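Asker:
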Amino acid sequence: MPSSVRVKTLRIDDLDVAGDEQQTIFDVAVEHAIPIPTLCHLDGLGAVGACRMCLVEVTSANQTRLQPACATPIEEGMQIVTNSPRLQEYRRMILELLFAEGNHVCAVCVSNGHCELQGLAQSLGMTHVRFPYHYPQRSVDASHRRFVVDHNRCILCTRCVRVCAEIEGAHTWDVMGASSQTQVITDLNQPWAEAETCTGCGKCIHVCPTGALFEKGYSVAEMHKRRQFLPYLRAMREREP
Amino acid sequence: MNPEELHQLAEQHAHARTQIPHRIRVCAGSSCMGLHSDQLVNAIQRELKQQGLEKTCPVSGVGCMGLCSAGPLVAIDPDGILYQHVSEADVSAIVASVGNEPLEQLRCPTDIPFFTRQKRVVLEHCGQIDPERIEDALAVGGYTALLTALTEMTPAEVITHVMRSGLRGRGGAGYPTGLKWTTVAKARNPRKFVVCNGDEGDPGAFMDRGVMEGDPHRVIEAMAIAGYAVGASEGYFFVRGEYTTSVKRLRKAIMQAERNGLLGANIFGTPFSFTLEVRLGAGAFVSGEETALIASIEGRRGTPTPRPPYPAEQGLWGCPTLINNVATLASIPPIINHGSEWYASMGTANSKGTHVFALTGKVVNTGLIEVPLGTTLREVIFEIGGGIPNGHSFKAVQMGGPSGGCIPAEHLDTPLGYEALQRIGAMMGSGGILVLDDTSSMVEVARFFMEFCMTESCGKCVPCRVGTVQMHHLLTRISTGTATAHDLALLESLCDLVQHTSLCGLGRSAPNPVLSTLRYFRNEYEASLTSTPSNELIPLTARPPAPPTQGPNGKGA
Amino acid sequence: MKAARIAPPSEDKRWRVIDATMRRHGYHAHALIETLHATQESFGFLDEDALRYIAATLGVALSHVYGVATFYRRFTLKPRGARHTCVVCTGTACHLKGAPALLEALQQRIDHDPTNPPVSILAARCLASCGLAPAVVFDGKVVGNLTPDLALERIEKWLHHES
Ligand SMILES: Cc1cc2nc3c(=O)[nH]c(=O)nc-3n(C[C@H](O)[C@H](O)[C@H](O)COP(=O)(O)O)c2cc1C
Ligand code: SF4
Ligand code: SF4
Ligand code: SF4
Ligand code: FES
Ligand code: FES
Ligand code: FES
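Below, the structure written as structure tokens:
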């Protein structure tokens, strides 16, 4: 890292804080133990700003805007509010939209109790869904010897896509289609078992926030995900020439 | 080419034009082409040969003449005669009439407000010159602004000029063009790019197509000027893939410009070099959004990315990139030629110059128009547009397409301008003006645009991907009379959510048609509410009404 | 730089056009969309062999190629079946002037024909011929100011002359 990293000062909620210019609002908040909910973001993966859970109110140059904390670099003099009633309401609504979009039957899910979507709904007080459910027809691919993808539980956070491309270097996953017809795929939208690029490393399984990706052999509520490897691997990748 | 050569060529071609007693121009814009005006050109050519006139009266196909609803149009120069609804059967009579008495029964009056109330700056040569001949462009002063910029002005002076003109982006957001140019110029990076956004995906908008097809050299010249001003030597045209004629003419024009030394290395013998490439869009409305456009040029899925970083700082391949709309760029050469004061003298305090609009819907004259900003909607619709046809009455005008809003009769005297329109809940958008009469249901209009946004959402961020499906569902329920007051409240809170939390402009502006119709026509929503919620399940569809396509002449789905 | 070039999937001469496109862009990953355009134009659709070949030659991931090919509407992974196409504009101006009724009438005519007619009915958004609204493209020819009856008349010709 170059020695000329510049330090910027800003205010998050009631706290005056400082960070270096490479950091995002989320990074600095974490360093100061200020909680901001996230869903698509995962430390060690590139930011995409897709789920909008981490939106915060940013006032800079007399303008207030909602910005994703995970994807917004800090700037000198920013004033940030992380948890206003308005933000809480937006976050709850976004969760409702996600629950309505897929087929999330938590009671029978391997991730029940360890799911980030479910966890956020609990911690943010989302008790019911006001919108009609889409009940989409989605498939389950259990062709792989060890892994399963259940698209009914996929929230399109693209963590699997990023970990596989950025960390494992296989780029087995990507996203196909657009609008509400978007879906994650392996290789040319083949059954996972036939995807020749997959090394079977299991990284995607462990970064998936929901029960969409899981390992065979676990029953309801048994799938715990481990991601300690991620910041470490990211650091190693960055050190390489 | 050196400066003297340009002047000589221009004079030579201008002189050549005066040597020919008559010329016939046939509109070969997209609408007239749809009425087979290309066959008219051939038929006239044959007839001229037969009557032995091919030397004294050449015929050429030109870009959109504006009054598409009267097409196909044929003009006779220099007599200023315009013929409308011309068919092949009229060809021999038209050719015979050249230099004689005009054919009264075919005549389209040119002293009507449609023509006299317009101020053509961007479109000044559109419909006048043969877009496939650089000679025609040179004869009317093409590339003289580039010459002036390169030989008499510093890049900073060019930018000051643009800044003073008050020009704002015509792609929708109205960002001050001079400011954008300054940002890119100031970025310290040896490699920079200029991109012309010709993706025009807004249904009902065809201004950029008109310019690219009618006067491609104008846009090329402007891109080179922009490149000089911001310090870029590479440019891209990003054109809607379905605009085959635009693509063909742009490619041809680029080749002609290269051959004449107006693009390439050391233009006019100066150190400035500039190259241009055309890239085709592949049928996604969202790829007109600037970060998505960059992804498309780089060969990726055209999904937007969060800003900052802005393309002006980190755009194509991480380099500072200037992205401007076709009509924004096409305004630059006249600003250089006639001065920024001249340009700034048109328009209102904060919205300067002229703006090209596509006038469509329930209005007598439909087509492509250009007026000074500050012109009122009433003048546009009732004078230029000729009012509402078939004995119906005016209800509202929709501006800005799927990101815009509906304006009711009480605001018809609003002068066209960025802030003025925003204040009444609409927006300038890219320039689509859609007139609605008393037969239109406003809920249905809102539902139509929501369906567009729902199917065009890139699918990346949750509020837009899912929120548009839910809003479309609610609007469908309201328009079929199965929604309750509770549903309407839910719709309003969704509008608020999607507007404020979506990643890009598509999602953020998707609620606009709903919000503006709610603002002015709330009674239409409320009148269709029911107090007994029905149990009938309306499926939440998110599929396009029919499979997408790529019409050969069409814009595709 | 990149691994040795692989051979095209077949002897078909049309691959030369695709190869030329990739070469012109220096076999860079950013040539992907231009290459897909060329392939779509040459073959009418993008099959698995084509996607694999392009991915390997440009050095991009298979899933990336698939993701791009399915994001943009111009690209199709299957050949278009029908001999005739009838593209109904559903853009704003046409919508307002009766496109939904046109689409419905045409679709019904086709759907209720037991003989599997050689026409596919498609929708497009604004043909930029709004002056002609409502407009339909019949096999590449734009026809404006249509009514459902006039539109049906046009496809009847196709249905009867060659079925
Ligand atoms: C969904 C979406 C679609 C857009 N499509 C276009 C387009 O087709 N053409 C265009 O010029 N600008 C389009 N824009 C605006 C561009 O992002 C950008 O603001 C514009 O090209 C900048 O040029 P200007 O400053 O000259 O207006 C679009 C924006 C959004 C959010
Ligand atoms: S198991 Fe590893 S290689 Fe296979 S898809 Fe998951 S992350 Fe990629
Ligand atoms: S499978 Fe899991 S990690 Fe991948 S996009 Fe879906 S929810 Fe995210
Ligand atoms: S607002 Fe819509 S189009 Fe824009 S990024 Fe989000 S999903 Fe994509
Ligand atoms: S966590 Fe920041 S947008 Fe998803
Ligand atoms: S296309 Fe001919 S007048 Fe517009
Ligand atoms: S809306 Fe149909 S041609 Fe424009």
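Protein chains in written order, with this note's numbering: chain A, 1 to 241; chain B, 1 to 557; chain C, 1 to 163.
Note that CB positions come from ideal geometry on N, CA and C, so glycine has one too.
If you're wondering where the values come from, they're calculated on a predicted model, not measured in any experiment.
(1) With DSSP as the reference, please indicate the residues paired to A:Gln183 in a beta bridge.
(2) Would you check if the distance between the CB atom of B:His15 and the CB atom of B:Pro131 is smaller than 9 Å?
(3) Report the option in B:Gln499, B:Glu419, B:Phe394 whose CA atom is closest to the CA atom of B:Met442.
(4) If you follow the alpha helix (DSSP H) that B:Thr354 is in, where does it begin and where does it stop?
(5) Mind pulling the alpha helix (DSSP H) runs of 4 or more residues that sit fully within the segment 6 to 41 of chain C?
(6) What is the residue span of the alpha helix (DSSP H) that A:Glu101 lies within?
(7) Should A:Ala50 be flagged as near chain C, meaning a C-beta pair shorter than 9 Å?
(8) Output needed in chain order: residues of the segment 36 to 57 of chain B with a Cβ under 9 Å from some Cβ in chain C.
(9) Give the interface partners of A:Met93 over in chain B, defined as CB-CB distance under 7 Å, in chain order.
(10) Please list the segments of the alpha helix (DSSP H) lying wholly inside the segment 311 to 396 of chain B, counting only runs of 4 or more residues, in order along the chain.
(11) Determine which residues share a DSSP beta bridge with A:Ala18 and list them.
(12) Which term fits B:Met65, buried or exposed, when burial requires 16 or more other beta carbons within 10 angstroms of its beta carbon?
(13) Quick one: Cα of A:Phe229 to Cα of A:Ala29, how far?
(14) On a CA-only basis, which of C:Gly131, C:Thr90, C:Gln107, C:Gly59 is nearest B:Phe449? Give me that one, please.
(15) Could you please give the first and the last residue of the uninterrupted beta strand (DSSP E) stretch that includes A:Leu55?
(16) Under 9 Å between C-beta atoms, does C:Val17 make it to chain B?
(17) Within a Cβ cutoff of 8 Å, which residues of the same chain sit near A:Leu15, ignoring the five residues on either side of it in sequence?
(18) If you run the structure through DSSP and keep just helix, strand and coil, what is C:Ser63?
(19) Does the beta-carbon distance from B:Tyr520 to B:Ala396 come in below 9 Å?
(20) On a Cα-Cα basis, can you pick out the residue from B:Val59, B:Tyr175, B:Pro78 that is closest to B:Val558?
(21) Just reading off the beta strand (DSSP E) that B:Ala221 is part of, what are its end residues?
(22) Just to confirm, is the Cβ distance from B:Ala75 to B:Val26 under 9 Å?
(23) By DSSP, does C:Cys94 sit in helix, in strand, or in coil?
(24) Answer yes or no: the CB of B:Tyr418 versus the heavy atoms of ligand 1, is any distance below 8 Å?
(25) Are any of the Cβ atoms in chain B nearer than 9 Å to that of A:Pro85?
(26) If we cut at 9 Å on Cβ distances, does C:Thr21 have a partner in chain B?
(27) With B:Val326 and B:Cys196 assumed to form a contact (beta carbons below 8 Å), what rounded beta-carbon distance in angstroms separates them?
(28) Which residue or residues does DSSP assign as beta-bridge partners of B:Asn197?
(29) Just confirm the distance between the C-beta atoms of A:Arg162 and A:Gly49, as a whole number of angstroms; I'd bet it's less than 8 Å.
(30) Under 9 Å between C-beta atoms, does A:Glu101 make it to chain B?
(31) Assign A:Gly77 to one of two classes, buried (16 or more other C-beta atoms within 10 Å of its C-beta) or exposed (fewer than that).
(32) Anything in the segment 57 to 69 of chain C with a Cβ closer than 9 Å to a Cβ of chain A? List those residues in chain order, please.
(33) Could you tell me which of B:Pro334, B:Cys68, B:His22 sits nearest to B:Ala358, measuring between CA atoms?
(34) Under 9 Å, do B:Pro513 and B:Pro402 count as touching if we go by C-beta distance?
(35) Kindly indicate the opening and closing residues of the beta strand (DSSP E) around B:Tyr83.
(36) If you draw a straight line from the C-alpha of C:Asp139 to the C-alpha of C:Arg154, how long is it?
Answerer: The relevant details are as follows:
(1) In the first sequence, residue 183 of chain A corresponds to position 183, counting from 1. Bridge partners of A:Gln183 according to DSSP: A:Met176.
(2) Residue mapping note: residue 15 of chain B aligns to position 15 of the second sequence, counting from 1. Residue mapping note: residue 131 of chain B aligns to position 131 of the second sequence, counting from 1. Going by beta carbons, B:His15 and B:Pro131 fall outside the 9 Å limit.
(3) Position 442 of the second sequence, counted from the start, is the residue given in the question as residue 442 of chain B. If you compare the alpha carbons of B:Gln499, B:Glu419, B:Phe394 with that of B:Met442, the shortest gap goes to B:Phe394.
(4) Mapped onto the second sequence, residue 354 of chain B falls at position 354. Premise fails: B:Thr354 lies in the beta strand (DSSP E), 354 to 361, not in any alpha helix (DSSP H).
(5) Taken in chain order, the unbroken stretches of alpha helix (DSSP H) that lie wholly in the segment 6 to 41 of chain C and span 4 residues or more are 15 to 24.
(6) Within the first sequence, residue 101 of chain A is the residue found at index 101, counting from 1. Looking at the DSSP string, the run of the alpha helix (DSSP H) that includes A:Glu101 is 85 to 101.
(7) Sequence index remark: in the first sequence, residue 50 of chain A carries index 50 (1-based). With respect to chain C, the C-beta atom of A:Ala50 has no partner C-beta closer than 9 Å.
(8) Residues passing the 9 Å Cβ filter: His36.
(9) For the purposes of this step, residue 93 of chain A is taken as the residue at position 93 of the first sequence. Under the 7 Å cutoff, chain B gives Leu497.
(10) Within the segment 311 to 396 of chain B, complete alpha helix (DSSP H) segments of at least 4 residues are found at 326 to 330, 332 to 338, 340 to 344, given in chain order.
(11) Residue mapping note: residue 18 of chain A aligns to position 18 of the first sequence, counting from 1. For A:Ala18, DSSP records a beta bridge to A:Thr9.
(12) What you label residue 65 of chain B is simply residue 65 of the second sequence in a count that begins at 1. Of the other Cβ atoms in all chains shown, 16 or more fall within 10 Å of the Cβ of B:Met65; this residue is therefore buried.
(13) Within the first sequence, residue 229 of chain A is the residue found at index 229, counting from 1. Within the first sequence, residue 29 of chain A is the residue found at index 29, counting from 1. About 22 Å.
(14) Here residue 449 of chain B is taken as the residue at index 449 of the second sequence, counted from 1. It is C:Thr90 whose Cα lies nearest to the Cα of B:Phe449.
(15) Taking the first sequence and counting its residues from 1, one reaches residue 55 of chain A at position 55. Its beta strand (DSSP E) spans residues 55 to 60.
(16) As a working mapping, residue 17 of chain C is identified with position 17 in the third sequence. By this cut-off, C:Val17 is not an interface position.
(17) Locating residue 15 of chain A in the first sequence gives position 15, counting from the first residue. Here the set comprises His32, Ile34.
(18) Taking the third sequence and counting its residues from 1, one reaches residue 63 of chain C at position 63. Correct three-state label for C:Ser63: helix.
(19) Looking up residue 520 of chain B in the second sequence gives position 520. Looking up residue 396 of chain B in the second sequence gives position 396. In this structure, B:Tyr520 lies near B:Ala396, with their beta-carbon atoms less than 9 Å apart.
(20) What is shown of chain B runs 1 to 557, which leaves residue 558 of chain B out entirely.
(21) Here residue 221 of chain B refers to the residue found at position 221 of the second sequence. At residue 221 of chain B the sequence reads Glu, which differs from the Ala that was named. Counting along the chain, B:Glu221 sits inside no beta strand (DSSP E); it lies in the alpha helix (DSSP H) bounded by residues 216 to 230.
(22) One-based indexing of the second sequence puts residue 75 of chain B at position 75. One-based indexing of the second sequence puts residue 26 of chain B at position 26. Contact flag set, yes.
(23) As a first step, residue 94 of chain C must be located in the third sequence, where it is residue number 94. The answer is helix: DSSP assigns C:Cys94 an H, G or I state.
(24) For the purposes of this step, residue 418 of chain B is identified with residue 418 of the second sequence, where counting begins at 1. Not so, every heavy atom of ligand 1 lies at least 8 Å from the Cβ.
(25) By one-based count along the first sequence, residue 85 of chain A stands at place 85. Against chain B, the CB of A:Pro85 has no partner CB under 9 Å away; the residue lies outside that interface.
(26) Indexing the third sequence from 1 puts residue 21 of chain C at position 21. It does not: the Cβ of C:Thr21 has no partner Cβ on chain B nearer than 9 Å.
(27) Start at 1 with the first residue of the second sequence, and residue 326 of chain B comes out as number 326. Start at 1 with the first residue of the second sequence, and residue 196 of chain B comes out as number 196. Between the beta-carbon of B:Val326 and that of B:Cys196 there is about 6 Å, and that keeps the pair under the 8 Å contact cut.
(28) Residue 197 of chain B sits at position 197 when you count from the first residue of the second sequence. In the DSSP output, where bridge partners are listed per residue, B:Asn197 has B:Phe238, B:Asn325.
(29) Against the first sequence, residue 162 of chain A aligns to sequence position 162. Against the first sequence, residue 49 of chain A aligns to sequence position 49. With 8 Å as the limit, A:Arg162 and A:Gly49 do not qualify as a contact, their Cβ atoms being about 12 Å apart.
(30) Counted from its first residue, the first sequence places residue 101 of chain A at position 101. Closer than 9 Å: yes.
(31) What you label residue 77 of chain A is simply residue 77 of the first sequence in a count that begins at 1. Taking every protein chain shown into account, the CB of A:Gly77 has fewer than 16 other CB atoms within 10 angstroms, so this residue is exposed.
(32) So the list reads Val60, Ala61, Leu62, Ser63, His64, Val65, Tyr66, Gly67, Val68, Ala69, given in the order they occur along the chain.
(33) Taking the first residue of the second sequence as 1, we reach residue 358 of chain B at position 358. Looking only at B:Pro334, B:Cys68, B:His22, the smallest Cα-Cα distance to B:Ala358 is reached by B:Cys68.
(34) Here residue 513 of chain B is taken as the residue at index 513 of the second sequence, counted from 1. Here residue 402 of chain B is taken as the residue at index 402 of the second sequence, counted from 1. Contact: yes.
(35) The residue given as residue 83 of chain B occupies position 83 in the second sequence. DSSP places B:Tyr83 in the uninterrupted beta strand (DSSP E) bounded by 81 to 83.
(36) Locating residue 139 of chain C in the third sequence gives position 139, counting from the first residue. Locating residue 154 of chain C in the third sequence gives position 154, counting from the first residue. Take the alpha-carbon of C:Asp139 and the one of C:Arg154: they are about 11 Å apart.
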